[in-house]
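First comes the structure, then the notes that go with it.
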Amino acid sequence: MEPLTWAIVYKGLLMPLSRLVLFISAGLFVGILIETLNWTRFMAILAAPIARFGRLKDVAAASFSMAFFSGFTANNMLAEAYDKKQLSDKELVFSNLFNSFPVFCQHLPSLYGIILGYFSATPHVGWTYVGITLSAAFLRTLVIVFVGHFALPPLDEGCIPCRLEEAEKKRGKKHPLLLAWERFRKRLPKIAFITIPIYTAIFFARHYGLFHYIEQSLGQNMGMLDFLPPEALSIIAVQLLGEIHGSLTLAAALLGEGVLTAPQVILAMLVANILSSPMRAVRHQFPYYAGIFRPRMGLKLIVFNQTLRAASITLLAIGYLLLVYPG
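Under the UniProt record's numbering, the first residue of the sequence shown carries the number 1, and numbering increases by one thereafter.
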């Protein structure tokens, strides 16, 4: 184990934590300002039809529209509404899961660029992998809309977008920037009080090998994946150790040398995606989610997101497996 030095603490904890707090602060302020200006009702128009069918409120529709550009701001909009009792626990879960597709689309250009870079000699592998994961994200949003239609209470007529005039009157005579700043100053310390200790604890857990031990344990118990050759399992094992670029390099090399076929590489990458995501979510998402939604709700949202994510990718991976190996 590498000894803990000031350089490691600075590079691995202080710098990324500062960036996280900065992004949370920016997203929080923008989200509060949008809500204060009542722009959420106008943004909700973009997603109104599909949100209305899923019985999702106007803030969920607005958050969905914003999630194409900023996941931080989209989540802060939901957190604001939840704190003001405009969303119940169930409505918050559905609204957060509803954003699966736009959040994925936000990262699609960089994801596609990375994947295509590794598989430039065989671009169809990158297209297929990205296409399956994109379809899985769309499927998650679609499922939430249909389940919400039956599981959530009916909305009042005309709720999306609703009561623009009422909201304008409630705002009073204060300037929107001043109102937003006042609300921002109240919320940011509460978020930082939770986010900073959790992020710090995760840093030390990672440094002293807790996540490495868990990921190794997962990597040693892959008997259920006997439909893949041993070389494909090595791709999964490398990604479970947190080396995403290493697993992509290995996958591209094994494919280029003819050791694995394109379908085997794609299936290995999908399985690696499913198995590695929960640990990645705990490391990177939990401090942020715990800060804006509080730890219990933040963990609940991550569990629901990861469960639905794994189920959707597994379903499409099985479909792809049956398609390429019909026998």
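The C-beta atom is built at its ideal place from N, Cα and C for all residues, glycine as well.
None of these values were measured; they are calculated from a predicted model.
For S88, which three-state DSSP category applies? Walking along the sequence shown from the start, residue 88 turns up at place 88. Here S88 sits in coil by DSSP.
For F98 versus F138, is the C-beta distance shorter than 7 Å? The count along the sequence shown starts at 1 and reaches residue 98 at position 98. The count along the sequence shown starts at 1 and reaches residue 138 at position 138. No.
Quick check: the Cα distance between Y129 and S18, rounded to an integer number of angstroms? On the sequence shown, position 129 is the one that residue 129 refers to. On the sequence shown, position 18 is the one that residue 18 refers to. Each residue's Cα considered, the two are about 33 Å apart.
Taking the alpha helix (DSSP H) that L152 belongs to, which residues open and close that run? In the sequence shown, counting from the first residue as 1, residue 152 sits at position 152. Run containing L152: none; DSSP gives neither H nor E here.
Whole alpha helix (DSSP H) runs in the segment 237-323 with 4 or more residues, listed along the chain? 244-256, 262-284, 286-293
Given L108, which residues of its chain have a CB within under 8 Å of its CB, disregarding the five upstream and five downstream residues? Against the sequence shown, residue 108 aligns to sequence position 108. If we look at L108 and ignore the five residues flanking it on each side, its Cβ neighbours are V130, L134.
Would you give the residue range spanned by the alpha helix (DSSP H) that N76 belongs to? If you number the sequence shown from 1, residue 76 lands on position 76. First-last of the alpha helix (DSSP H) with N76: 71-83.
G117 - DSSP class collapsed to helix/strand/coil: The residue you call residue 117 lines up with position 117 of the sequence shown. In the structure shown, G117 sits in a helix (DSSP, three-state: H, G or I).
Can you give the Cα-Cα distance for Y10 and L4, rounded to whole angstroms? Stepping through the sequence shown from its first residue, residue 10 is reached at position 10. Stepping through the sequence shown from its first residue, residue 4 is reached at position 4. Between Y10 and L4, the C-alpha separation is close to 11 Å.
Cα-Cα separation, S88 to Y82: The residue labelled residue 88 in the question sits at position 88 within the sequence shown. The residue labelled residue 82 in the question sits at position 82 within the sequence shown. Their Cα atoms are separated by approximately 7 Å.
Grouping DSSP H, G and I as helix and E and B as strand, with all else coil, what is F68? Start at 1 with the first residue of the sequence shown, and residue 68 comes out as number 68. F68: coil per DSSP, three-state reduction.
Going by beta carbon distance, what residues of the same chain come within less than 7 Å of T314, once the five residues before and after it are set aside? Taking the sequence shown and counting its residues from 1, one reaches residue 314 at position 314. These residues qualify, in order along the chain: I274.
Do you know how far the Cα of L14 is from the Cα of F203? On the sequence shown, residue 203 is found 203 positions in, with the first residue counted as 1. On the sequence shown, residue 14 is found 14 positions in, with the first residue counted as 1. Answer to the nearest angstrom: the Cα atoms are 10 Å apart.
Going by other Cβ atoms of all chains shown within 10 Å of its Cβ, with 16 needed for buried, is K57 buried or exposed? For the purposes of this step, residue 57 is identified with residue 57 of the sequence shown, where counting begins at 1. Burial call: buried.
Quick one: using the 10 Å Cβ neighbour count with 16 as the cut-off for buried, is F293 buried or exposed? Working through the sequence shown from its first residue, we reach residue 293 at position 293. Buried, by the Cβ-count rule.
Whole angstroms is fine: what's the gap from R283's alpha carbon to W181's? Residue 283 sits at position 283 when you count from the first residue of the sequence shown. Residue 181 sits at position 181 when you count from the first residue of the sequence shown. For R283 and W181, the distance between alpha carbons rounds to 30 Å.
Three-way DSSP call (helix, strand, coil) for G209 in this model: Within the sequence shown, residue 209 is the residue found at index 209, counting from 1. Three-state DSSP puts G209 in coil, outside helix and strand.
Meets three-Cβ-pair contact criterion under 8 Å: the segment 239-253 and the segment 296-306: no
Exposure of S276, with buried meaning 16 or more beta-carbon neighbours within 10 Å: Numbered from 1 along the sequence shown, position 276 holds the residue referred to as residue 276. Counting Cβ neighbours within 10 Å, S276 comes out buried, since at least 16 surround it.
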